[in-house]
Amino acid sequence: MCRHVPRCPASDAPDCEAARPVAHFPEQGWSFLCNGVLLFEDTGILLPDGAVIPPHRAQAAA
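Take any residue in the sequence shown, note its place counting from 1, add 1330, and you have its number in the working numbering.
As structure tokens, this is what we get:
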């Protein structure tokens, strides 16, 4: 799906969030990336195969 040079990370790569957005809807809280990943504002991820990666925001320092 990605036509960028260099290519964006695949949807199963650990850094899949680094792919470029194809559609961005901040008012709805999500972006569609060129590798087929849906990235949500809360850092949750929906992969193209339907797998879910729960939100993983960094914890604030105490």
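Don't be surprised by glycine CBs; every beta carbon is placed ideally from N, CA and C.
Because the structure is a prediction, the values reported are computed rather than measured.
heavy atom of the ligand COA below 7 Å from residue i C-beta
{"i": "P1378", "result": "The model depicted lacks the ligand COA and carries no ligand whatsoever."}
Spatially closest choice to residue i from the options, by CA coordinates
{"i": "P1378", "options": "R1387, P1356 and F1362", "result": "F1362"}
{"i": "A1348", "options": "Q1358, R1337, E1357 and G1380", "result": "R1337"}
{"i": "P1397", "options": "V1382, E1371 and A1340", "result": "There is no way to answer for residue 1397, as the model of the chain reaches only from 1331 to 1392."}
Counted within 10 angstroms of its Cβ, other Cβ atoms place residue i as buried (16 or more) or exposed
{"i": "V1367", "result": "buried"}
Residue i versus residue j: straight-line alpha-carbon distance, rounded
{"i": "A1353", "j": "I1375", "result": "15 Å"}
{"i": "I1383", "j": "G1359", "result": "16 Å"}
{"i": "C1332", "j": "N1365", "result": "6 Å"}
Collapsed DSSP secondary structure at residue i in the structure displayed
{"i": "A1348", "result": "helix"}
(message) Which runs of the beta strand (DSSP E) at least 3 residues long sit entirely within the segment 1336-1383? Give them in chain order.
(response) Correct list: 1351-1355, 1360-1363 and 1368-1370.
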